[in-house]
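In the working numbering, the protein residues as written are 50 to 314.
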């Protein structure tokens, strides 16, 4: 059994509990659909806004912000033909083959099935659309918007606490298809210049990697050093809401890879 099939079976075995009829946040309680939606809105506004913390390094922040500003000012002068060439029908077909059925659509209500079974005419229309986006550097509004839904984390967590839920954003499948094409181009470019991203020892979000190989590697490392009567030191670090919070400094990664601003817009 592969890792994907294993987790599919685990998810099917899990029973989702009943949804809550009350939500509490910042001293406010909501008990009906309308007030619950408003309270969720307040929670997400706070979540996606920069919040000051005691351990925040202002000096480092301004240093990175300055580098990012310089990157945006100078990078438009750079040009990488491999990334800026016209998108081809073959590239679109290659990424369409990676789409899976049964996935929820984004705000435009277009599903993967529309693309998978739309035929060559749909692919040709997508090719014209994507190349127009590439030329004008303008991303349609529906590609930038999403529908945020909340998934209960389980483990008997407090269902009235917004932090007991994991946010999931349903985005346009057309937008995600375009992102797949650019991601494939960037990955191919980095491979050609022998630049490994992410790090070779990273297991999360890496093809043919995952938690099982990571656990196996950890156990083998522990066994190796214990057999040789040596100490084993390990560190567990967890970034809170790492996928929910954005800092412009992350754009600096594009600069370090010498990618033009167009790729990060």
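Note that beta-carbon positions come from the ideal geometry of N, C-alpha and C, so glycine has one too.
{"Item": "Quick one: Cα of residue 105 to Cα of residue 119, how far?", "Value": "22 Å"}
{"Item": "Would you check if there are 3 or more beta carbon pairs closer than 8 Å linking the stretch 137-149 to the stretch 218-230?", "Value": "yes"}
{"Item": "Give a yes or no on contact between the stretch 168-182 and the stretch 133-141, applying the rule of three or more CB pairs nearer than 8 Å.", "Value": "yes"}
{"Item": "Rounded to a whole number of angstroms, what is the C-alpha to C-alpha distance between residue 162 and residue 150?", "Value": "6 Å"}
{"Item": "Thinking C-alpha only, which one of 76, 117, 89 and 58 is nearest residue 200?", "Value": "89"}
{"Item": "One question on the structure: do residue 129 and residue 238 come within less than 9 Å of each other, judged by their Cβ atoms?", "Value": "yes"}
{"Item": "Which term fits residue 220, buried or exposed, when burial requires 16 or more other beta carbons within 10 angstroms of its beta carbon?", "Value": "buried"}
{"Item": "In terms of residues, what are the limits of the beta strand (DSSP E) holding residue 214?", "Value": "214-220"}
{"Item": "Mind the definition here: the stretch 185-200 touches the stretch 153-167 only if three or more C-beta pairs lie below 8 Å; say whether that holds.", "Value": "yes"}
{"Item": "Is it buried or exposed, residue 79, if we count other Cβ atoms within 10 angstroms and call 16 or more buried?", "Value": "buried"}
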